[in-house]
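4 protein chains.
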Amino acid sequence: MNTFGSKWSFTSFGESHGAAIGGVLDGVPAGITIDMNLIRTELDKRAGRTIHGLEQDLSKTQVRVSARAKNEPDEVEWLSGVLNGVTLGTPIAFLIRNKDARPEDYEYLKHTYRVGHADKVYEQKYGIRDYRGGGRASARETAARVVAGCLAKQELATKGVCVNARLIQVGAETDPAKFAETIAAYQREGDSIGGIIECHINGLPVGTGEPIFNKLQAELAFAVMSINACKGFEYGTGFEGVTQPGSAINHLSGGIAGGISDGSEIIFRCVFKPTPTTKKALDELLNSQMVNGQIVHRSDPCVAVRAVPVVEAMTALALVQFL
Amino acid sequence: MNTFGSKWSFTSFGESHGAAIGGVLDGVPAGITIDMNLIRTELDKRAGRTIHGLEQDLSKTQVRVSARAKNEPDEVEWLSGVLNGVTLGTPIAFLIRNKDARPEDYEYLKHTYRVGHADKVYEQKYGIRDYRGGGRASARETAARVVAGCLAKQELATKGVCVNARLIQVGAETDPAKFAETIAAYQREGDSIGGIIECHINGLPVGTGEPIFNKLQAELAFAVMSINACKGFEYGTGFEGVTQPGSAINHLSGGIAGGISDGSEIIFRCVFKPTPTTKKALDELLNSQMVNGQIVHRSDPCVAVRAVPVVEAMTALALVQFL
Amino acid sequence: MNTFGSKWSFTSFGESHGAAIGGVLDGVPAGITIDMNLIRTELDKRAGRTIHGLEQDLSKTQVRVSARAKNEPDEVEWLSGVLNGVTLGTPIAFLIRNKDARPEDYEYLKHTYRVGHADKVYEQKYGIRDYRGGGRASARETAARVVAGCLAKQELATKGVCVNARLIQVGAETDPAKFAETIAAYQREGDSIGGIIECHINGLPVGTGEPIFNKLQAELAFAVMSINACKGFEYGTGFEGVTQPGSAINHLSGGIAGGISDGSEIIFRCVFKPTPTTKKALDELLNSQMVNGQIVHRSDPCVAVRAVPVVEAMTALALVQFL
Amino acid sequence: MNTFGSKWSFTSFGESHGAAIGGVLDGVPAGITIDMNLIRTELDKRAGRTIHGLEQDLSKTQVRVSARAKNEPDEVEWLSGVLNGVTLGTPIAFLIRNKDARPEDYEYLKHTYRVGHADKVYEQKYGIRDYRGGGRASARETAARVVAGCLAKQELATKGVCVNARLIQVGAETDPAKFAETIAAYQREGDSIGGIIECHINGLPVGTGEPIFNKLQAELAFAVMSINACKGFEYGTGFEGVTQPGSAINHLSGGIAGGISDGSEIIFRCVFKPTPTTKKALDELLNSQMVNGQIVHRSDPCVAVRAVPVVEAMTALALVQFL
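Residue numbers (this note's numbering), protein chains in the order written: chain A, 253 to 575; chain B, 253 to 575; chain C, 253 to 575; chain D, 253 to 575.
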């Protein structure tokens with residue numbers, strides 16, 4: 253349920269407004285010096301503190317992709333499996349305290365459910381719910397994935413494998429130079445917008461992937477579709493390929509044949525819907541329930557921006573199972 | 253590798269031109285009377301002997317969606333787990349003999365690789381390859397999935413869960429009335445074309461799916477992306493939803509929130525590329541290698557047609573893990 | 253449930269008096285030439301056709317350790333994963349037909365349960381039972397384990413690892429020269445007796461075993477305790493070591509420290525109870541139920557004899573997971 | 253590797269002298285009020301602070317079963333999965349700080365290995381070792397098992413299942429009234445001694461256990477043999493049963509038939525060797541290496557005493573997988 257992978261087995265835990273989120277990563281070889289800078293950088297990207305490729309534009313447009321971004325950064329506390337920064341081969345446990353947890357912001361949700369969120373289904377499934385924010389369903393848990401993903405990336409790098417994801421579309425906009433502007437426009441309206449991320453995998457050895465159920469594309473889809481707000485996955489010619497006949501010159505395979513990598517670059521895309529808790533929607537939902545309109549709600553104008561490091565992390569965790 | 257699921261654990265085996273394909277399905281409750289007619293019907297659909305919704309048109313247009321379809325039907329031999337047609341609660345093993353296996357048709361492939369097929373990567377991965385047809389990479393193994401899927405469907409039916417997939421697009425054509433005609437046109441050219449399948453799941457209880465890695469959509473994507481020729485998966489608003497703002501009235505969730513079913517209908521789509529071994533491509537590939545042009549090759553003008561029962565089978569196998 | 257191991261994943265199927273027993277072995281590397289003679293030899297040992305180390309004595313004492321032993325030998329039919337006797341890297345499926353199945357011998361059991369057998373608990377658990385002999389609970393399924401174990405042994409041999417089990421005690425007798433005689437004495441009385449098997453593993457690389465739950469001894473115990481009639485497992489000093497103080501010179505570790513092999517020989521022992529369906533017990537049980545005393549029942553005077561190749565097979569399957 | 257179970261999946265982490273040990277328990281139903289007193293009691297037993305059934309004798313004999321026992325008790329910090337003491341259905345993460353960690357006590361081990369410990373094999377396996385005490389191989393990690401086991405026990409109790417383990421033998425002594433005295437005698441000599449624990453399971457529903465590899469006895473053996481210092485497992489007639497003929501009146505099955513519980517009491521026994529780091533052995537080992545004899549080493553005269561709650565915990569964790 254909360255464990256991903258078997259060779260590198262990653263168990264995630266934590267609610268968004270509980271004591272901490274974190275994880276246990278088991279199967280990491282001994283002797284790896286953890287790259288703390290990489291983790292710092294990737295966590296900052298996920299937190300919306302810095303945005304891959306968008307930094308300058310953001311300062312101009314005053315886009316704030318995360319309400320939490322202004323706060324102090326996520327600090328990783330290592331509990332086990334590491335001695336003087338070097339992995340021991342034993343399970344690596346870490347946690348990130350929820351310093352910014354303000355359960356009181358969510359007190360009003362104790363007896364209501366947010367539209368488009370998992371609040372209601374969680375309560376139906378478990379009969380109980382951590383109403384303080386998204387609880388377990390919050391995207392905050394992806395921070396733990398990013399930490400684990402960084403170790404997976406380090407391991408992949410030693411084999412010459414490189415994972416790079418980037419935003420290629422925001423709403424209808426496909427020119428990266430205009431992404432920040434587009435997002436800012438939605439934010440000004442108290443609205444949000446979706447995005448498409450493209451991920452490139454280079455250096456993957458021929459033969460990666462396991463017939464027949466654990467095809468490389470199936471494992472990548474599984475990993476990526478487990479990220480909050482992801483609505484679709486495609487590789488190679490994808491959905492648009494439906495109109496191309498079998499005789500077309502360019503049989504773009506996306507680097508995979510029969511579920512196994514063929515040694516060329518792997519390319520896949522995934523789509524992220526806009527966060528459903530927009531100011532507009534909230535106003536409408538809570539209008540009759542709140543006497544005082546002072547709702548302090550924190551949501552993102554474009555979660556796809558912050559999903560980029562998470563897509564890389566999950567891709568790395570999926571790939572490392574095969575090596 | 254060749255096992256799908258844990259509660260209902262399905263292990264598939266067999267090469268396309270070996271003695272047999274088959275599977276072992278473990279975890280099926282005792283006391284189920286196997287619906288042999290359902291299996292017969294679904295296997296015929298997969299074999300291209302009958303085509304869901306296209307039967308009449310096919311007779312007119314002379315479409316033959318499978319070169320094997322003219323042959324005798326696949327016969328399931330039950331090896332264990334069944335007594336007088338009723339399941340015993342022990343592992344159900346079955347096989348389907350490869351009666352129509354004609355390895356000699358593929359003798360010419362012993363020293364060459366088919367474009368767009370897994371021939372080459374299999375040899376690179378394993379150092380050995382069953383050159384007789386696709387071997388393990390052949391879509392023939394999906395027959396075993398269909399058999400297992402039928403038992404899963406029976407179990408789902410007892411809980412009121414129903415899985416229905418259908419072809420919604422062939423090439424650029426979205427009018428089902430014209431699918432047969434479209435396919436026939438490609439076939440006449442010795443060409444092939446892709447298709448999109450839409451799958452509807454009804455009656456699924458609220459709360460199906462497991463946060464956070466085994467989200468319902470992640471498990472469905474994993475199951476469906478493991479089918480040969482599948483290039484993409486999306487649910488709810490999917491890729492097109494990228495242009496819809498968060499404030500849009502219709503927050504089509506596809507029946508899933510936070511990775512858990514919300515009790516409404518689940519809808520997903522998946523795309524199948526055309527079979528790459530077209531007559532055109534083969535002519536070109538083998539031109540200089542064959543003295544005599546009498547290549548007897550069997551391939552399908554639109555594998556998406558035959559993938560419909562396989563999508564249903566894999567969906568059923570994915571869902572039954574949660575019940 | 254019916255699958256053992258993850259790297260070499262062995263799925264067993266079959267009831268003792270159904271069509272066949274067999275298995276699927278997934279994860280075996282490509283390119284191994286299967287040693288059919290080894291399989292023949294080990295299956296014969298398991299069937300009681302030949303007895304490791306006891307052959308000559310048996311001919312003198314007229315011991316027949318298996319009523320089935322006089323019949324034709326088990327024939328393995330290979331369904332997949334093998335081309336010209338060489339493994340393909342794809343799942344290896346095989347079956348052994350139940351040629352000697354005589355369900356009519358067991359017709360009288362349709363409405364009764366054998367003492368000390370699993371008949372009753374199976375019916376309680378599943379609500380249905382294959383009353384024809386032991387069904388799934390029969391030790392006949394161990395034949396499939398032996399086949400899979402032979403492939404595991406071949407793989408281990410390439411790494412220099414050797415597994416050898418032998419009977420070290422029959423009843424109170426510890427002199428191998430007198431085992432056949434002892435067994436014969438019990439058989440003449442229509443009775444049966446237990447035995448202890450000792451297994452030696454040589455050549456295992458230092459570091460085999462995974463802390464903390466998958467300790468080498470835990471995996472070996474799990475593998476061996478899953479064999480029918482096995483009632484105990486111990487390694488190193490075992491139960492007798494309870495009286496040795498920590499300061500004793502000989503800290504016999506059994507080749508394992510902290511759950512990891514230390515490079516020396518591994519030694520473990522396991523005990524097998526006598527088969528509970530003795531002629532004596534049956535006479536008593538069925539006295540009032542049978543008009544005609546002609547009960548044709550087939551049972552073994554000392555199952556430990558036939559368990560030797562099964563212990564080796566399960567040990568090999570357990571070890572191969574770690575390599 | 254460090255995860256036990258699938259339905260209730262328990263992942264353990266931590267080195268004995270690192271920041272903390274702990275675990276993540278996934279699959280626990282929502283709505284359980286955690287019994288903090290039970291956890292306190294069981295942790296104290298494991299720490300040797302109180303000894304089940306031996307309390308009074310101990311005060312008289314001045315037995316100190318653990319050098320750490322005099323210190324402050326283990327404190328459990330709950331990180332996730334619990335809201336106001338009630339489980340949320342999400343993964344429960346907890347940690348226990350190593351307050352008493354005194355790495356300097358073990359500084360002398362940086363370049364030597366303790367006899368009978370896993371020091372050397374860990375270094376051989378991983379190429380690196382946490383030389384501060386046993387590290388991951390230390391029995392300290394069993395504290396995390398005890399915490400998880402308490403939750404399993406609570407769940408079992410709701411189904412009427414009860415697990416009770418007790419020491420039945422210390423060295424050659426089988427009279428519980430003399431256990432404390434026996435242990436004290438060995439301790440005075442700077443020596444240690446082994447013990448046998450018997451565990452009774454009551455209330456287990458008929459049909460618990462899964463043929464054929466996951467037989468109840470195989471799962472119990474796997475769980476118990478994973479505990480440090482455990483050298484053997486047996487149930488029912490066990491090793492002594494080897495001398496009983498099949499016709500013996502008392503076919504003591506130990507409550508299991510065909511790998512499935514039969515509804516009666518389950519009884520098994522397991523043996524624990526003495527801790528190998530005795531004062532005697534250390535004196536000998538270090539004689540030539542230490543100038544100053546002031547070795548401060550902490551070890552237990554009879555680890556079997558402290559293993560009792562761990563055996564119960566692992567048994568409970570094994571059983572809860574089946575319910």
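In this text, a Cβ means the ideal position worked out from N, Cα and C, and glycines have one as well.
Beta carbon proximity, residue 540 of chain B to chain A, threshold 9 Å: For the purposes of this step, residue 540 of chain B is taken as residue 288 along the second sequence, with counting starting at 1. Its pLDDT being 39, under 50, residue 540 of chain B is placed unreliably by the model, and nothing is read from it.
Candidates C/259, C/385, C/517 and C/480, of which the one nearest residue 281 of chain C by Cα: In the third sequence, residue 281 of chain C corresponds to position 29, counting from 1. When only C-alpha atoms are compared, the closest one is C/259.
Beta-bridge pairing of residue 485 of chain C - partner residues as DSSP gives them: In the third sequence, counting from the first residue as 1, residue 485 of chain C sits at position 233. C/522 and D/485.
The region 264-272 of chain C touching the region 330-345 of chain B, judged by at least three CB pairs closer than 8 Å: yes
CA nearest to the CA of residue 334 of chain C, picked from B/332, B/378 and B/336: The count along the third sequence starts at 1 and reaches residue 334 of chain C at position 82. Selected option, being the one with the closest Cα: B/378.
Minimum C-alpha distance to residue 291 of chain D - residue among D/496, D/330 and D/399: Here residue 291 of chain D refers to the residue found at position 39 of the fourth sequence. If we check each option's Cα against that of residue 291 of chain D, D/399 comes out closest.
Beta-carbon contacts of residue 464 of chain C that lie in its chain and below 8 Å, excluding the five residues immediately before and after: Stepping through the third sequence from its first residue, residue 464 of chain C is reached at position 212. Excluding residues within five positions, the ones whose Cβ falls inside 8 Å are 511.
Residue from D/288, D/488 and D/525 whose Cα sits closest to the Cα of residue 451 of chain D: As a working mapping, residue 451 of chain D is identified with position 199 in the fourth sequence. Out of D/288, D/488 and D/525, D/488 has the C-alpha closest to the C-alpha of residue 451 of chain D.
First and last residue of the uninterrupted beta strand (DSSP E) at residue 384 of chain B: Indexing the second sequence from 1 puts residue 384 of chain B at position 132. Premise fails: residue 384 of chain B is in no beta strand (DSSP E) and is neither H nor E.
Chain D contacts made by the region 422-449 of chain C, where a contact means CB separation under 9 Å: 422, 423, 424, 438, 441, 442, 443, 444, 445, 446, 447 and 448
Residue 421 of chain D (DSSP reduced to helix, strand or coil): The count along the fourth sequence starts at 1 and reaches residue 421 of chain D at position 169. Residue 421 of chain D falls in the strand class under three-state DSSP.
Straight-line Cα distance separating residue 392 of chain A from residue 555 of chain C: Here the question's residue 555 of chain C lines up with position 303 in the third sequence. Here the question's residue 392 of chain A lines up with position 140 in the first sequence. About 58 Å.
Residue 483 of chain C at chain D interface by Cβ criterion, 9 Å: As a working note, residue 483 of chain C is residue 231 in the third sequence. Yes, residue 483 of chain C counts as interfacial toward chain D.
Residue 451 of chain B (DSSP reduced to helix, strand or coil): One-based indexing of the second sequence puts residue 451 of chain B at position 199. Correct three-state label for residue 451 of chain B: strand.
DSSP-derived helix/strand/coil call for residue 549 of chain A: Within the first sequence, the letter at position 297 stands for residue 549 of chain A. Caution is warranted here: a pLDDT of 45 is assigned to residue 549 of chain A, below 50, making its placement in the model unreliable, and the coordinate value is therefore given only provisionally. In the displayed model, residue 549 of chain A falls within coil according to three-state DSSP, outside both helix and strand.
Residue 336 of chain B to residue 293 of chain B span [Cα, whole Å]: Position 84 of the second sequence, counting from 1, holds the residue named residue 336 of chain B. Position 41 of the second sequence, counting from 1, holds the residue named residue 293 of chain B. Taking the straight line joining both Cα atoms gives about 21 Å.
Chain B contact for residue 333 of chain C (CB, 9 Å cutoff): Here residue 333 of chain C corresponds to residue number 81 of the third sequence, with the count starting at 1. So, interface residue.
Residues from the region 264-282 of chain C in contact with chain B, defined by Cβ distance under 9 Å: Answer set for the region 264-282 of chain C: 264, 265, 266, 267, 270, 271, 272, 273, 274, 275, 276, 278, 279, 281 and 282.
Alpha carbon of residue 407 of chain C to alpha carbon of residue 417 of chain C, nearest angstrom: Position 155 of the third sequence, counted from the first residue, corresponds to residue 407 of chain C. Position 165 of the third sequence, counted from the first residue, corresponds to residue 417 of chain C. Near 18 Å, if we compare the C-alpha coordinates of residue 417 of chain C and residue 407 of chain C.
Closer than 8 Å at the beta carbon, the chain G residues around residue 338 of chain C: This model lacks chain G altogether, as its protein chains are A, B, C and D.
Under 9 Å from the C-beta of residue 364 of chain D: neighbouring residues of chain C: If you number the fourth sequence from 1, residue 364 of chain D lands on position 112. Near residue 364 of chain D there are no residues of chain C at all, since even the closest Cβ is about 15 Å away, more than 9 Å.
Burial state of residue 486 of chain A, where buried means 16 or more other Cβ atoms lie within 10 Å: Within the first sequence, the letter at position 234 stands for residue 486 of chain A. Classified as buried, residue 486 of chain A has 16 or more neighbouring CB atoms from the shown chains inside 10 Å of its CB.
Neighbour flag for residue 463 of chain B against chain A, beta carbons, 9 Å: On the second sequence, residue 463 of chain B is found 211 positions in, with the first residue counted as 1. For residue 463 of chain B, the answer is yes, since a Cβ of chain A falls inside 9 Å of its Cβ.
Own chain residues within Cβ distance below 6 Å of residue 371 of chain A, not counting five before or after: Taking the first residue of the first sequence as 1, we reach residue 371 of chain A at position 119. So the list reads 365, once near-sequence residues are dropped.
Distance between residue 389 of chain C and residue 270 of chain D (C-alpha atoms, nearest Å): To locate residue 270 of chain D, count along the fourth sequence from 1; it is residue 18. To locate residue 389 of chain C, count along the third sequence from 1; it is residue 137. Looking at the two C-alpha atoms, the distance is approximately 47 Å.
Nearest-angstrom beta carbon gap, residue 469 of chain C and residue 446 of chain D [assumed within contact, 8 Å]: On the fourth sequence, position 194 is the one that residue 446 of chain D refers to. On the third sequence, position 217 is the one that residue 469 of chain C refers to. That belief does not hold up - the Cβ atoms of residue 446 of chain D and residue 469 of chain C are roughly 15 Å apart, past 8 Å.
Residue 278 of chain B: first and last residue of the uninterrupted beta strand (DSSP E) it sits in: The count along the second sequence starts at 1 and reaches residue 278 of chain B at position 26. Going by DSSP, residue 278 of chain B is part of the beta strand (DSSP E) stretching over 272-278.
9 Å Cβ cutoff met for residue 221 of chain C and residue 483 of chain C: Beyond the ends of chain C as shown, which are 253 and 575, falls residue 221 of chain C; an answer cannot be given.
Proximity winner among C/569, C/568 and C/459, relative to residue 375 of chain D (alpha-carbon distances): For the purposes of this step, residue 375 of chain D is taken as the residue at position 123 of the fourth sequence. Cα-wise, what sits closest to residue 375 of chain D is C/459.
Minimum C-alpha distance to residue 415 of chain C - residue among C/431, C/472 and C/434: Your numbering for residue 415 of chain C matches position 163 in the third sequence. If we check each option's Cα against that of residue 415 of chain C, C/472 comes out closest.
Residue 383 of chain B at chain A interface by Cβ criterion, 9 Å: For the purposes of this step, residue 383 of chain B is taken as residue 131 along the second sequence, with counting starting at 1. No, its Cβ sits nowhere closer than 9 Å to a Cβ of chain A.
Where residue 362 of chain D falls, given that 16 or more other Cβ within 10 Å makes a residue buried: For the purposes of this step, residue 362 of chain D is taken as the residue at position 110 of the fourth sequence. Exposed, since its Cβ has fewer than 16 Cβ neighbours within 10 Å.
Classification of residue 327 of chain A by the beta-carbon crowding that lies within 10 angstroms, buried from 16 upward: In the first sequence, residue 327 of chain A corresponds to position 75, counting from 1. When all chains shown are included, residue 327 of chain A counts as exposed.
Length of the line joining the Cα atoms of residue 564 of chain C and residue 491 of chain B: Within the third sequence, residue 564 of chain C is the residue found at index 312, counting from 1. Within the second sequence, residue 491 of chain B is the residue found at index 239, counting from 1. Cα-Cα distance, rounded: 55 Å.
Nearest neighbour of residue 284 of chain A, chosen from A/467, A/341 and A/478 [CA to CA]: Sequence index remark: in the first sequence, residue 284 of chain A carries index 32 (1-based). Looking at the Cα atoms, A/341 is the closest of the given residues.
Range of the contiguous alpha helix (DSSP H) that encloses residue 290 of chain B: Looking up residue 290 of chain B in the second sequence gives position 38. Residue 290 of chain B -> alpha helix (DSSP H) spans 288-299.
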